Structure formats: structure tokens, C-alpha cells
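Numbering (the working numbering), first residue to last: 917 to 1205.
Built from N, CA and C at the ideal position, the CB exists for glycine as well.
Everything numeric in this text was worked out from a predicted model, so none of it was measured.
First the structure, in the form of C-alpha cells, and then the observations on it.
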């Protein structure tokens, strides 16, 4: 590794550990993810416990809460503590408009999210984060989700590359996610331009903000230059396990990830089995470089 890469990793792994009084936090890796215990989401959480969960969320970016046998109402209540809930696009034909049913039917050809991405980056104001509650897992094993730390993805680039990226933007187009498939009736697609490098709105830390599902091009570059640079940045995420953690799902596991600084990748390695869960997203704000 280059010295700047070692320095970036050392800054993360040597940061002082935060003390918690109302929850227990066990990191999944030194750079991303933590399992949180001591929380019962079937009940209204006290303010001091919510404050510690929010602190752990900013520190670890991905929180895993197991053994949460919660109702839809419990799920909605917990998510609402972090901001305004984001309506599902397109609206579901029945049920709560903020709950997206995540369904893999037996023998499905593919699943949503089976590539590295952050949710809805083509939106003018992408979501703050998502809470996915899995109720049914494939029999045996499979269906893990990988998460990647986009702060570290930026920090591991060379200083020269970071300087170049700091002055660029990228176009994100929601239609790209559908490829050759028809866009579902009622689904609203967006197309917006964001900085390639944005600052986290709560911590101020820089992070890499491009992904192969939604990012179309870098308008400041020629088409071949844009494609070459984007492909290199995508490889930075997919090709460096150092950035990543893996969450193994069990029934009644809830995972809350920061959509602003985390990308995720669903592993569809359980064909032809089924999987079911419910996801709630939380509104975010404008992205700034």
C-alpha cells in the first residue's frame, strides 16, 4: 500500500472508541458496520438511547439490530425518529405508502440491488438512509448484503486523484437502473447532477458519490475519459474488500444504513429460494461538495 492509504486506514482504526451507557455496540469491521444490542424496538425508546443510536449510526454507518420481532407500526415509529419518511415510488397499491415490500419469489431471475449502488442517487435530494427489516430468509444460507464505506473509498485515492475529483460533477439518471426493462407504471424517474465528491451533511467528511446503477457521465470530461474514470472509481469500491462489511441476515433482523456515505450490494446467491422483508427510507437533503 501507498503511505497515504496506510495513513487513511490508521486514522480510522486508531480513533477513540465512543462509550455507551444504554446500548452495546460491537463493530463488524474496523471501518464500517456494527451490531447494536440492548434495544427493544417494540417499545418507544427513551431519548438517551435514541441519542446513542444516532451517534453509533454516524460512527459506523451501518447498524444491525437482531431479534427484532416488530410490527409495521414499530418499524415506522423507529424510522420516524431520524427524519421525515420517504414515500415509496411508485406508491404501493395497498398498505402504508412508506413501506416497500422487498420480495424475492421462488425462481426469480434477478433481484433489485444486485450491484453496487446507493439508493436513489438520481433524486435531487437522495435519502438519508434506509431501514430494512427481513422476516423471511432463504432456507439454509445466502442473501447477504455487502456494504462499503464511501468516505474510505475517497480517502484511499491518491492526493492527485482527489484533487481532480473535487472539481467535477456527475449526472445521475434514474432510468439507467431499469436497463432494457420497461419502467413500472406510476414510477417517477429523476435526472440530476451532483458533485463527484460530496460532504456528509452531519459530519462534514468527504466521500465518493458515484455508482454504476445511476451515474451516467461526468460532463466536464469527454465521453471516453468519463467512462474510463468512472470505471476506475467503481473498481475502487467493488475490488477492495477492505472498504466492506458483510451482513448475514436472520429472520427479524433490522439493518439501518446511511445512504449518504454507504453503497450496498445484495448477493443473489440463493436461487431458486424466496426472501421477504420491508424497507422504510428516510428523506435526506441537498448534496454539497
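Here the alpha carbon of residue 1030 sits roughly 37 Å from the alpha carbon of residue 964. By the C-beta criterion, the region 1033 to 1048 is judged to be in contact with the region 1124 to 1132, since at least 3 inter-stretch pairs fall below 8 Å. Between the beta-carbon of residue 992 and that of residue 975 there is about 25 Å, and that puts the pair past the 8 Å contact cut. At least 8 Å separates the beta-carbon of residue 1014 from that of residue 1173. Taking a C-beta distance under 8 Å as the contact criterion, residue 998 and residue 1198 qualify as a contact pair. Exclusion of the five residues before and after residue 1072 leaves 921 and 924 as the residues of its chain whose Cβ lies within less than 6 Å of its Cβ.
Bounds of the beta strand (DSSP E) holding residue 1178 are 1178 to 1182.
Residue 1052 is bridged by DSSP to 1192. Assignment of residue 928 by DSSP, reduced to helix, strand and coil, places it in the helix class. Here the region 1055 to 1065 lies against the region 1184 to 1192, with 3 or more beta-carbon pairs under 8 Å apart. The three-state reading of DSSP puts residue 1112 in coil, since its state is none of H, G, I, E or B.
Annotation: residue 1162 is outside any alpha helix (DSSP H); the continuous beta strand (DSSP E) that includes it extends over 1160 to 1163.
Following the DSSP letters along the chain, one finds residue 1126 in no beta strand (DSSP E), marked with neither H nor E. Per DSSP, residue 1153 is one residue of the alpha helix (DSSP H) stretching across 1139 to 1154.
With fewer than 16 other Cβ atoms from the protein chains shown falling within 10 Å of its own Cβ, residue 958 counts as exposed. Contact between the region 1063 to 1082 and the region 1142 to 1156 is present, with at least three C-beta pairs closer than 8 Å. In the DSSP assignment, residue 1204 is bridged to 1115.
Residue 994: member of the alpha helix (DSSP H) spanning 988 to 996, first to last residue. Inclusion of residue 1085 and residue 1114 in the CB contact set at 8 Å is not warranted, their separation being larger than that value. DSSP, reduced to helix, strand and coil, places residue 1088 within a strand of the structure shown. Around residue 926, the same chain offers no residue with a beta carbon nearer than 6 Å, after the five sequence neighbours per side are excluded. The DSSP-derived three-state label of residue 1121 is coil. Of the residues 1200, 1204 and 1192, the one whose Cα lies closest to the Cα of residue 1028 is 1192.
About 27 Å separates the CB atoms of residue 1099 and residue 1049; that is not less than 8 Å, and the two are not in contact.
Of all alpha-carbon atoms in 1205, 1178, 1051 and 1095, the one lying nearest the alpha-carbon of residue 1159 is that of 1178. Here residue 968 carries a helix assignment [DSSP, helix/strand/coil].
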